[in-house]
Amino acid sequence: MWARDRIILGKIGECRAIDFLKGKGYRIIERNYKTPLGEIDAVADEGGVIVFVETKTRISSFFGPPCLSVTWRKRKKLIKNALCYLARHAFLNRAWRIDVVSVKMRDNYRVEYIEVIKNAVEDEGEISSFA
Amino acid sequence: MGIAKIFSSCVIGIDAYEVEVETDISEGLPAFHIVGLPDMAIKESRDRIKSAIKNSGFVFPMKKITVNLAPANIKKEGSCFDLPIALSILAASGLIDYSRFSEHIFCGELSLDGKLKAVNGMLPTAMSMDKMDKKNLIIPKNNAFEAGVVKGIAVYPVGSLKEVLDFLNNHVDIKPARSSPEIALGAGRKARHRIDFSDVKGQEHVKRGLEVAASGSHNVLLIGPPGAGKSMLAKRMATILSDMTVEESLETSKVHSVAGLLLPNKGLVRARPFRAPHHTISDEALVGGGSNPFPGEISLAQNGVLFLDELPEFKRNVLEVLRQPLEDGCITISRVANKITYPSKFMLVAAMNPCPCGYFTDPKRQCQCTPYNIQRYLSKISGPLLDRIDIHLEVPRLNVETLSDKRRGEPSEEIRKRVDRARLVQKERYKDDGIIFNAHLESKELEKYCLMDKESEELLKLAILELGISARAYDKILRISRTIADLDGKETIEAHHISEAISYRSLDRNLWG
C-alpha cells in the first residue's frame, strides 16, 4: 500500500466516522482544525460537552484493531491540541473529553464496523505538567 | 458537582490517626488523581474504586477528580482508604450529604464488584476513636468483632459499598456490633492447646525449672545434646502460662491487628502468643522495622513467649538487637521519616547445644569438638545477652528406662494452677511498684522483698565463695529464689529455695568453656 493510498483511506474513514457521530447526536463544530501542534480531526458538541474526535482507520486487522494505534505519544499530542483549541476559544472551564472512533474497512473500502470509544484518553498528570 | 470531605484513619505503629479524605470534582478532561503521600496500594486503589462504583450500580463521574488525603505530610499506606475515597467521590457527585458524617470514620478495602474486604489495624483504630473525637466507625463485616470490643463507640459492620450508601441515606438500618473484651475473650475458652506437659517423659528437673520461669516470667536457656527434648519442652511452655487478662489481651491483639494476624470473627487473641522464628531471621524481622515500619516477632510475642531454637545459629547482630527490648519491654524504631514504638514484653525461651557437634555433656557419646570450636560456638551468645537470661537449664539425654516408661507426666493443667497462684502473689505484692513479676525486680526492691532466714544467708555466702558466683549472678539467684518461695507459698526465702535457685545457674558454675 502506497503512502498516498493511506491518506485516502484515512480521509474516507474520517468521513464515515463523522457521519456515524452525527447519527449518534454529535453536533460537529469544526473539521480538521489546525493548531500549531497539528490537526484535530473533528471538534463536536455532545450534550454540552466538547468532544475532540480522533479517527483511526485500518483495513488489515493484522496489527490489531484500529484503536490500538493511539500510542502514548499520540495521546499527549491529542491533549495538547485540545488544550490549544480550548485556550483559543476561552473554553478551559468547560467539560471536555477526547473520543476515538475506530473504523475498520474491508479491502473494497466498505465499512466493516465503526466503534466510538468515549473518554479514550484520560489525563494521567500531563495537563498539570503542560500548564 | 463539587467538593466533599469524609473521614478515615491510618495506622502508624500501633496507633491510629485521623485522615481527611477530600474530593474535588471539576470540569475538564476526565482524570483521577490521589494526592497526599499515598503509597502504591492507595495509588492502585483508583482502578478498584472505579470498578467498584460502576459495579455497585452508580455512575463514576467522567470528570476531573482530585482526591486529597490530609494531613498531607504523613505517609499513608494500606488498602483501608478504598471505601472513604469511593464515598467521598459519590458525596462530591451529590449522592450523599457528607456534612452529616463528620463524626464517622470509614475504613475498608473494595473488591471490583463493590464488596468490602477486611483490612488490618481496625482494633487500634477503634481504640483511637476517642482521641480523634469520633463516635461512629464503619468498617467491613470481618473486622467488626475485633473493633466491637471498644466501649463508647458504635461500630457498624457493612458488606458492600451499596450497603454503606443505603445506610448513610437511611434506607436500611444496621445494628452496631456489640461485644466486649470479656465476651471476646471468653468465647473460645475451650480451644486449648493440643500439646501437654504430660507428653514429656522424665526431665522433672527441667519441667520444674520451666514452672519457676513461667511463674516469675524469667527468661530461660535450655542446654542439652540433640534429641534430649529441648524443643519439645519449650513448645509446651505456652500451656502452663496463666490466661491473659483483658488488658494484656488488648495489648497483644493491638499488635496482631496491625500485623493482620487476627482471624476474622474470632475477636481478640486469647492464648498467650508463642512465637518461634527460624534462626535465619533478619534483625528487622525480629524487632520490627522496614521503611514503612512493621512489628517484628518480639512485638508479636507481646505478653507471651519468644522461643529461639538453636540460639548460637542466629546471626550475631540479630541476637544483639534483643538486648534493649528485653530490658525495656518496648522497642523504638527510628527512621528518617518517623519514629515508632512497639511493645515487647515477652518471655525469652532459648535452646542450644553445648557445643557445635552437640554431645559435649552427653555421657554416652564422645564429643568431636576442639576446645577452640566450643569456645567460639559459645561466644556467639554475648555476655550482655546471657546476663538477661535468669534461668539456665541443662536438659540431659534420657535413658532407655525413662523413655519406655508407660506412665505419663504431670499434666499442664496442674502446673498452670501453681503458676497462676504464684503470679497472683506477685501481682498483689508489687501492686504499688509498677512491676508484675519477680524477674523485673531491681536491686533496691530485691533488698525490700527478698528477705532470707539465717540459714539461707549462710548458704548463699558459701555458694559465692565456693562456686565463684559473680555479683550479678547473686541478684539473679535472689530473684529466682523469690519466685520459688512464692510457688511454695512462703513469705521468707528459705535455704532450699536458694539451693534450687543455684541449680538453675549452670552456666555460672563454669561447667565448660
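Going line by line, the protein sequences match chains A and B.
Heads up: take any position in the first sequence, counting from 1, add 23, and you land on our numbering.
Heads up: take any position in the second sequence, counting from 1, add 16, and you land on our numbering.
Using N, Cα and C, we set each Cβ at its ideal position, and we do this for glycine too.
As the structure is a prediction and not an experimental result, all values here were calculated from the model.
- Apart from sequence neighbours up to five positions away, the residues of its chain that approach alanine 229 of chain B with a beta-carbon distance below 6 Å are Val236 and Ile407, ordered along the chain.
- Bridge partners of isoleucine 137 of chain A according to DSSP: A/Val126.
- Contact between glycine 245 of chain B and valine 411 of chain B holds, since their C-beta atoms are separated by about 6 Å, short of 8 Å.
- The criterion of a C-beta distance shorter than 8 Å is satisfied by aspartate 378 of chain B and proline 241 of chain B.
- In the DSSP annotation of this structure, isoleucine 452 of chain B is not part of any alpha helix (DSSP H), being labelled neither H nor E.
- Contact between isoleucine 19 of chain B and alanine 108 of chain B holds, with the beta-carbon distance rounding to 6 Å and staying under 8 Å.
- Contact note: glutamate 138 of chain A does not reach chain B at a C-beta cutoff of 7 Å; the least C-beta distance is about 18 Å.
- Counting only Cβ-Cβ distances below 8 Å, proline 46 of chain B has contacts in chain A at Arg120, Asn142, Glu145 and Asp146, in chain order.
- Of B/Ala479, B/Arg495 and B/Ala455, the smallest CA-CA separation from leucine 467 of chain B is found for B/Arg495.
- At a cut-off of 8 Å between beta carbons, asparagine 116 of chain A contacts chain B.
- Identification of residues in the region 69-92 of chain B having a C-beta nearer than 8 Å to some C-beta of chain A yields Met78, Lys79 and Lys80, given in sequence order.
- By a beta-carbon distance limit of 8 Å, lysine 80 of chain B contacts glutamate 43 of chain B. Their separation comes to about 7 Å.
- Looking at the DSSP output, isoleucine 407 of chain B shares a beta bridge with B/Val236.
- In this structure isoleucine 22 of chain B does not touch isoleucine 69 of chain B by the C-beta definition: roughly 14 Å separates them, more than the 8 Å allowed.
- For histidine 112 of chain A, the secondary structure class from DSSP, reduced to helix, strand or coil, is coil.
- A Cβ-Cβ distance of about 6 Å is found for the pair valine 135 of chain B and serine 95 of chain B, placing them in contact under the 8 Å criterion.
- For histidine 272 of chain B, the enclosing alpha helix (DSSP H) begins and ends at 262-274.
- Beta-bridge partners assigned by DSSP to cysteine 346 of chain B: B/Pro359.
- Bounds of the alpha helix (DSSP H) holding cysteine 38 of chain A are 26-46.
- Inter-residue distance for glutamate 326 of chain B and leucine 335 of chain B is about 12 Å (C-alpha atoms, whole angstroms).
- Close CB contacts of serine 472 of chain B within its chain, under the 8 Å cut and outside five residues either way in sequence, are with Ser497, Ile509, Glu510, Ala511, His513 and Ile514 (chain order).
- Within the region 90-164 of chain B, the beta strand (DSSP E) runs of at least 3 residues that lie entirely inside it are, in chain order, 120-122 and 152-156.
- Distance from the CA atom of alanine 105 of chain A to the CA atom of isoleucine 51 of chain A, rounded to whole angstroms, is 15 Å.
- Checking the DSSP bridge columns, you'll see threonine 82 of chain B partnered with B/Asp40 and B/His49.
- Rounded to the nearest angstrom, the Cβ distance from valine 72 of chain A to leucine 44 of chain A is 13 Å, too far for a contact under 8 Å.
- Residue range 321-324 is occupied by the beta strand (DSSP E) that includes phenylalanine 323 of chain B.
- For the pair tyrosine 465 of chain B and arginine 434 of chain B, the CB atoms are not nearer than the 8 Å cut-off.
- Exposure of isoleucine 30 of chain A is indicated by the presence of fewer than 16 other C-beta atoms within 10 angstroms of its C-beta.
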